[in-house]
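Beneath this line is the structure, given in structure tokens, with notes to follow.
Now the structure itself:
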């Protein structure tokens, strides 16, 4: 199915027009809901900065544990051995995060472990080495962004139809050995977002969605080649050199078949070299992403400020320098802290577009990055945490919608298995496909939860994913409340739990999908994240082997 473009991030989730009527065909409903749900007003997030209800009245074991047992600095430091390794392979660490989250003061230290930047079995010396290497890789990506931009402005760039990519068998430095979050297949192409205000200039392509995918190579007028370090490119440069990778005749082959598996892997040859891609990403493509990224960055909300004191108090001079370094403009209405935040968003999102050109940039990605840069003050560390996050979340931004459709189907199956009465009611309304939770899936509850609630949910979700990557089995969690085994789909169980919590309202009062959609869009600030996680884990216990 052809990609459906996302609407502007400035549109409000509650004030947008209602979706297609229940009688409309599924494809029509999908198109309208997608355009309606992905983008929501920045003000909707900031206006919901306070929890809706008194937490003291909620009878949730997760709520009680959250207040008592969030991972503290003292506990965190006690988990390490003398050589800086996590004891027992990180099992106790992950248990604590799953049960109570993380104290804000240590999040910047803990998140790289959860997101696969550092292996759970790595020593302090190994992590220091990874940190240095990854900083250089990020700096290289930023230089490439600037070279693309400068070359495009000077009309000295040429789109190359063939590029020779070197490939790595995994993300070097992510000692967990997980696969690189690069292309699942050569045909799943991500088109840039088209907004009315972003119509291409005359020297740009008229149909961005028709630009083919793969890799960009640009040649300066002096004929020096610029080889880009995409996620599948192996770093062949020496430790004291930051020059571009050299071509190598060894190649790998990439499967071009459709893969609906949540963690697809490449077919790799032992030479670790890339197959020949037919280039399709052009300088104009990247320029389109840059414009959209800047628009989204200056529209970001300020909810994060109270959770990031240092960035909230950034001097105006530093904020302006950051804005100038990434070419950010039109920020006169913003406070220094927001200018600085927007500039960081631009820099990191541009780097990710170069790192993963299949996805590039789509609206909604800035929502996922904003909490990360609020916690991680160093750009390179924030970037690699975002890369780890996107290893799974990137499926939400694929052109072919395979990732989104799979997740909506799982939510539907959970509801069907848990509450047949509710499911039959949804069937009557032609809403059993659960498109009304589309936005929750795409931006992982970011629009429905406050900043603190969002990161709490994400931390528990990341801990599940880290446990799976580390091969920590179901028996590890024991027979207590944490008996729920780790799952890659905890978010989907939480979304289903959110719907099930409103079953009576939906069954008795709602007679159309429009009404259910409005209910979902009005949840911002109305949810208790720990009760939600409690219910989600109950669903995992009962249904994980049936879905």
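In the UniProt record's numbering, the protein residues as written are 1 to 547. For every residue, glycine included, the Cβ atom is placed at its ideal position computed from N, Cα and C.
Three-state class that DSSP yields for residue i in the structure shown
i           : result
residue 86  : strand
residue 328 : coil
residue 80  : strand
residue 537 : helix
residue 457 : helix
residue 472 : coil
residue 102 : strand
residue 120 : coil
residue 71  : strand
residue 371 : helix
residue 322 : helix
residue 366 : helix
residue 144 : helix
residue 131 : helix
residue 358 : coil
residue 546 : coil
residue 45  : Its pLDDT being 39, under 50, residue 45 is placed unreliably by the model, and nothing is read from it.
residue 314 : coil
residue 150 : helix
residue 532 : helix
residue 94  : helix
Local Cβ density within 10 Å of residue i, reported as buried at 16 or more and exposed below that
i           : result
residue 132 : exposed
residue 350 : buried
residue 122 : buried
residue 380 : buried
residue 504 : exposed
residue 318 : exposed
residue 388 : buried
residue 341 : buried
residue 421 : exposed
residue 84  : exposed
residue 545 : exposed
residue 390 : buried
residue 301 : buried
residue 306 : exposed
residue 82  : exposed
residue 363 : buried
residue 104 : exposed
residue 324 : exposed
Best match in the options for proximity to residue i [C-alpha to C-alpha]
i           : options            : result
residue 383 : 365, 407, 348, 406 : 348
residue 489 : 543, 529, 454, 399 : 543
residue 309 : 338, 85, 353       : 338
residue 329 : 290, 304, 445      : 290
residue 520 : 435, 454, 541, 466 : 435
residue 145 : 89, 547, 285       : 285
residue 70  : 460, 514, 515, 538 : 460
residue 457 : 440, 471, 138      : 440
residue 385 : 301, 371, 396      : 371
residue 89  : 432, 433, 326, 466 : 466
residue 487 : 498, 469, 500, 502 : 469
residue 494 : 148, 545, 533      : 533
residue 491 : 137, 425, 404      : 404
residue 334 : 438, 345, 298      : 298
residue 314 : 73, 114, 344, 327  : 344
residue 506 : 442, 540, 425, 526 : 425
residue 464 : 485, 453, 417, 450 : 485
residue 573 : 454, 514, 428      : The chain is shown from 1 up to 547; residue 573 falls before or after that span and cannot be answered.
residue 417 : 108, 143, 541      : 541
residue 373 : 283, 107, 149      : 107
residue 411 : 369, 377, 117, 496 : 496
residue 536 : 98, 109, 143, 117  : 98
residue 444 : 400, 392, 432      : 392
residue 452 : 429, 525, 508      : 525
residue 352 : 293, 130, 336      : 293
The alpha helix (DSSP H) enclosing residue i, as first and last residue numbers
i           : result
residue 350 : 336-355
residue 291 : 283-298
residue 387 : 379-393
residue 307 : Segment: none, residue 307 is in no alpha helix (DSSP H) and carries neither H nor E.
residue 498 : 490-500
residue 550 : With the chain covering 1 to 547 only, the question about residue 550 has no answer from this structure.
residue 513 : 513-521
residue 505 : 503-509
Ranges of the alpha helix (DSSP H) found wholly within the region 397-470, counting only runs of at least 4
402-418, 420-428, 438-442, 451-469
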